[in-house]
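Residue numbering for the sequence shown follows my numbering, beginning at 123 and increasing consecutively.
Read the structure below first, then the notes.
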Amino acid sequence: MPKLSVIIAAFNNISLLKQCLTSLKGQWERRDTEVFVATNYRDGVKQMLERQFPQVKHLCFSAETTVPELRTQGILHTTGEIVVLTEDHCIFDNHWCSEIKKAHESSYPIIGGCVENASERLLDWAVYFHDYGKYMLPNSAGVVKTLSGINVSYKRLFLNRIEDTFRKGFFETFIHSKLTKEGDPLYLAPSAIVYHNKSYKIKEAFTQCYHHGRSFGAMRISSASFFKRLSFVLGSTILPLLLPLRIALGILKKGRHIKELLLSFPCLVLLMTSWSYGEFCGYLCGEGGSAARWK
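Put into structure tokens, the structure is as follows:
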């Protein structure tokens, strides 16, 4: 049985996947590490993997398969004592695998790492600040409230215990929230670093924010009372102002990439407006098919 199973949910394109695997090459060549790529597209992937990355195992699913579903399938097909979830738009630090293994010498069942940015366009910075800004260095090692879904790992025995929570898709935000309420801590190991490596088209970025926001809102109030749902609907009207300010304050406290924050802030405000509208619709009308667009 391998010690470490790395699951890469691949949903973008073969070029990003190749960059992702190239950055990881050399870290999986130990006998205690296996790498699985779970894709929702076929074009050229099998040939590329056989030719350039023969050690990598490939799981291929239909184009309708969402990222949370790709994660679930990866977990169910791997056998490592430690399971790592990441995505094809990541580039890995040279010591990423070893830092995760080292961190799991502790008793913590859920351990995540930091996320840096590898793209220079302003829209890409805005997406990065929104999705991953709180995981940007510097960060201190210790128990935290959230971990990034593109750089997170679990002890297998722990996943076996909670399997019912992710059978229909691994939505880390809600799974982590549920687990912390039950007393299972999330631990951040800042030395396990990945780099977010993706350039977005304007329509793609805004559409993604809307659908993610709507899915989030709908899942958040799935079992809520009418009055709680109403409070979320009303509260979501201030999100276009609240979210960008909250993100900006978090970045300013870190003291890095202030120039990029200022230049990309108009994009960030627009992205958060799209997310907020999606969240509002999720609270008011349900997910409306947005969960199927979680890609």
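Glycine is no exception: its CB is placed at the ideal position from the N, C-alpha and C atoms.
For clarity, every value in this text was computed on a predicted model and none was experimentally measured.
Quiz item: Would you report the Cα separation of Arg368 and Arg336, rounded to the nearest angstrom?
Solution: Answer to the nearest angstrom: the Cα atoms are 20 Å apart.
Quiz prompt | For Val205, the residue or residues it bridges with in DSSP | solution = DSSP output for Val205 lists Ser127, Tyr276 as bridge partner(s).
Quiz item: At which residue ranges does the segment 200-256 contain complete alpha helix (DSSP H) runs of 4 or more residues, listed in the order of the chain?
Solution: The segment 200-256 is shown to contain whole alpha helix (DSSP H) runs of 4 or more residues at 218-225, 244-254, in chain order.
Self-check item: Three-pair Cβ contact test at 8 Å for the segment 391-401 versus the segment 358-367
Solution: Short answer: they touch.
Exercise. For the alpha helix (DSSP H) containing Gly264, list its first residue and its last residue.
Key: Not the alpha helix (DSSP H): Gly264 falls in the beta strand (DSSP E), residues 264-266.
Exercise. Would you check if there are 3 or more beta carbon pairs closer than 8 Å linking the segment 213-227 to the segment 285-299?
Key: At 8 Å Cβ cutoff, the stretches do not touch.
Quiz item: Quick one: what's Leu310 bridged to in DSSP?
Solution: For Leu310, which the question treats as bridged, DSSP gives the partners Gly234, Gly264.
Self-check item: Run of the beta strand (DSSP E) containing His180, from where it starts to where it stops
Solution: Counting along the chain, His180 sits inside the beta strand (DSSP E) bounded by residues 179-182.
Quiz prompt | Which of helix, strand or coil DSSP assigns to Ala327 | solution = Ala327 sits in a helix when the DSSP states are folded into three classes.
Exercise. Could you tell me which residues DSSP puts in a beta bridge with Tyr317?
Key: Note: Tyr317 sits in a beta bridge opposite Ile213, Glu238.
Quiz item: Mind checking Asp286: buried by the 16 CB within 10 Å criterion, or exposed?
Solution: In summary, Asp286 is exposed, with fewer than 16 beta-carbon neighbours lying within 10 Å of its beta-carbon over all protein chains present.
Quiz item: Within this structure, are the beta carbons of Val159 and Ala185 separated by less than 9 Å?
Solution: Taking 9 Å as the Cβ cut-off, Val159 and Ala185 do not qualify as a contacting pair.
Quiz item: Within 10 angstroms of its Cβ, does Ala346 collect 16 or more other Cβ (buried), or is it exposed?
Solution: The residue in question, Ala346, is exposed, as its Cβ has fewer than 16 Cβ neighbours within 10 Å.
Self-check item: Within 9 Å, strictly: CB atoms of Ile373 and Tyr309
Solution: No.
Quiz item: What number of angstroms, rounded off, separates the C-alpha of Val178 from the C-alpha of Lys350?
Solution: Cα to Cα, the separation comes out at about 47 Å.
Self-check item: C-alpha distance - Ile343 paired with Cys407, whole-angstrom precision
Solution: Rounded to whole angstroms, Ile343 to Cys407 spans 11 Å at the Cα level.
Quiz item: If we count the other Cβ atoms within 10 Å of its Cβ and call it buried at 16 or more, is Thr359 buried or exposed?
Solution: Within 10 angstroms of the beta-carbon of Thr359 lie fewer than 16 other beta-carbons, which makes it exposed.
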